[in-house]
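Before any comments, here is the structure.
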Amino acid sequence: MNEEVEKERKLTGAEKTKAALDKAGHLIKDEKERMQGPKKEWELCSRCHVNKVAPWNKKGVCYRCQHAKKSKGDGTSFLDE
Numbered sequence: 001m002n003e004e005v006e007k008e009r010k011l012t013g014a015e016k017t018k019a020a021l022d023k024a025g026h027l028i029k030d031e032k033e034r035m036q037g038p039k040k041e042w043e044l045c046s047r048c049h050v051n052k053v054a055p056w057n058k059k060g061v062c063y064r065c066q067h068a069k070k071s072k073g074d075g076t077s078f079l080d081e
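Quick look at the structure:
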């Protein structure tokens, strides 16, 4: 604790300003994170369990599964492989 106080006393005016702005920047960043909630991780697709799904995707299904179309001939999709 005393070391921090001594460091602050040794700082010049410009350094004090920079330190204050850095502290304020961290506070703003922490406040933004708190408002947005915890960060979500990328998860595996709930259908194919291969591709990753973006955290903002509400369906929990990857792009490939969302837009999968059946093949022309036998009526199977890539999920049936």
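Note that the UniProt record's numbering has the sequence shown beginning at 1, numbered continuously upward. Even for Gly, the Cβ is constructed at its ideal location relative to N, Cα and C.
Provide the residue span of the alpha helix (DSSP H) that contains residue i, from first to last.
i          : result
residue 33 : 13–36
residue 62 : It is not in any alpha helix (DSSP H) - residue 62 carries neither H nor E in the DSSP assignment.
On the criterion of 16 or more Cβ atoms from any shown chain inside 10 Å, does residue i qualify as buried, or is it exposed?
i          : result
residue 50 : exposed
residue 6  : exposed
Tell me the DSSP secondary structure of residue i in three-state form.
i          : result
residue 81 : Unreliable positioning characterises residue 81 in this predicted model, as indicated by a pLDDT of 48, which lies under 50. A coordinate reading is not provided.
residue 40 : coil
residue 52 : strand
residue 69 : coil
With distances taken from CA atoms, which of the options is nearest residue i?
i          : options           : result
residue 64 : 58, 56 and 47     : 47
residue 41 : 33, 17, 28 and 55 : 55
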